[in-house]
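For what it's worth, numbering that gives the first Met the number 0 labels the leading residue of the sequence shown as 0, then goes sequentially. Note that beta-carbon positions come from the ideal geometry of N, C-alpha and C, so glycine has one too. Bear in mind that the values here come from a model prediction, so they are computed numbers and not experimental data. Have a look at the structure below before the remarks.
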Amino acid sequence: MARHAPIAVALDAPDLETAARWAALVGPHVSTLKIGLELYLRYGPDVVASVRGASGVEIFLDLKLHDIPATVAGAARAVARLRPSLLTVHAAAGPAAIRAAADAIPGARIVAVTVLTSLGEADLGQVGLAGPVSSAVRRLAALAVEAGARGLVCSPQEVAAVRAEVGDDVLLITPGVRPAGAAANDQARVATPEEALRSGADLLVIGRPITGAADPGAAAAAIAGSLRRAEVVHR
Ligand code: C5P
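Printed below as a string of structure tokens:
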């Protein structure tokens, strides 16, 4: 069987039935399905079983936890029974919170969110983080990995610098991925799937170019095929 492409499909669906339908269509072609805050908060833990179905696809719980260490640990323990492969925590929650999450859910890879790509330098200044975004990203990346994060979310533009900072063992996950010719939607800084992998990304988060297609299964298969042809699938 063909190896599944290193793509996490963002299931940003309006309802559970749609999410489950997309999951069934794309599951045979991709490694991972990403469940975000909107779906999780609307439907709760049941959403995980609904999208996982009977498939062996990995679950990326993008809950972006950001709280004191004891609460982050409690939240991580609460979702451990859902067996996610990946769980996000904000790096800005601090090293103790990252460490607490990693200890609380040893079966999952804690993925740290460095700086949200919706924030520019002026926004960072307003919240008291001076200096260029790239320095904040590198500093938070190093801090999170030191504290036990084994994955990082970063933009395709930051991935090479982050890779140089944290080495090869950390899974680098990039949103803002658009196949050539696809609509950028609200993503400002985009890269094609091939470019993102060549820059050093390990897992590509792709939502609307797949879920907004008339046939999401075919769209996922087409991107997976283009990655195989470009021979950039390196893990
Ligand atoms: O539809 P699209 O491909 O833009 O979806 C990207 C997904 O990645 C969405 O679920 C979005 O919330 C998420 N994301 C992002 N930028 C980040 C972090 C997460 O677009 N920095």
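Close beta carbons around residue i, own chain, < 6 Å, minus the five adjacent residues each side
| i | result |
| --- | --- |
| arginine 227 | none |
| isoleucine 6 | Val29, Leu203, Ile205 |
| leucine 81 | Pro44, Val47 |
| valine 56 | Gly26, Leu32 |
| leucine 118 | none |
| alanine 22 | Leu32, Val50 |
| alanine 75 | Ala100, Ala103, Ile104 |
| leucine 64 | Val71, Ala74, Val88 |
| alanine 1 | At alanine 1, the pLDDT of 49 sits below 50, so the modelled position is not reliable and the matter cannot be decided from this model. |
| glycine 124 | none |
Whole-angstrom C-beta distance between residue j and residue i, which should lie under 8 Å
| i | j | result |
| --- | --- | --- |
| alanine 96 | aspartate 61 | Not quite, the Cβ-Cβ distance comes to about 17 Å (not below 8 Å), so this is no contact. |
| alanine 141 | glutamate 164 | 6 Å |
| glycine 26 | glycine 52 | 7 Å |
| glycine 175 | arginine 188 | 6 Å |
| leucine 85 | alanine 107 | 6 Å |
Close Cβ partners of residue i (< 7 Å) along its chain, the five nearest in sequence each way excluded
| i | result |
| --- | --- |
| proline 68 | Ala95, Ala96, Ala99 |
| proline 208 | Arg177, Pro178, Ala181, Ala218 |
| alanine 3 | It is histidine, not alanine, that sits at residue 3 in the sequence shown. Same-chain partners within the cutoff: His28, Val29, Ser30. |
| glycine 147 | Ile97, Arg98, Ala101, Ile109 |
Residue i, buried or exposed, once every other Cβ within 10 Å from all chains shown has been counted against 16
| i | result |
| --- | --- |
| leucine 171 | buried |
| proline 83 | buried |
| glutamate 16 | exposed |
| arginine 41 | exposed |
| glycine 150 | buried |
| valine 126 | exposed |
| alanine 220 | buried |
| alanine 129 | exposed |
| alanine 183 | exposed |
| alanine 9 | buried |
| leucine 115 | exposed |
| alanine 111 | buried |
| alanine 77 | exposed |
8 Å CB neighbourhood of residue i in its chain, flanking five on each side removed
| i | result |
| --- | --- |
| proline 155 | Thr173, Gly175, Val176, Arg188, Val189, Ala190, Glu194, Ala195, Ser198, Ala200 |
| glycine 224 | none |
| tyrosine 39 | Val46, Leu60, Leu62 |
| aspartate 12 | Note that residue 12 is alanine in the sequence shown, not aspartate. The residues are Ala18, Trp21, Leu38, Thr210. |
heavy atom of the ligand PLP below 8 Å from residue i C-beta
| i | result |
| --- | --- |
| glycine 130 | Among the ligands modelled here, namely the ligand C5P, the ligand PLP does not occur. |
Does the structure place the segment 130 to 141 close enough to the segment 159 to 169 that three or more beta carbon pairs sit under 8 Å? yes
Should the segment 214 to 224 be called in touch with the segment 30 to 37, which here means at least 3 C-beta pairs below 8 Å? Touching, no.
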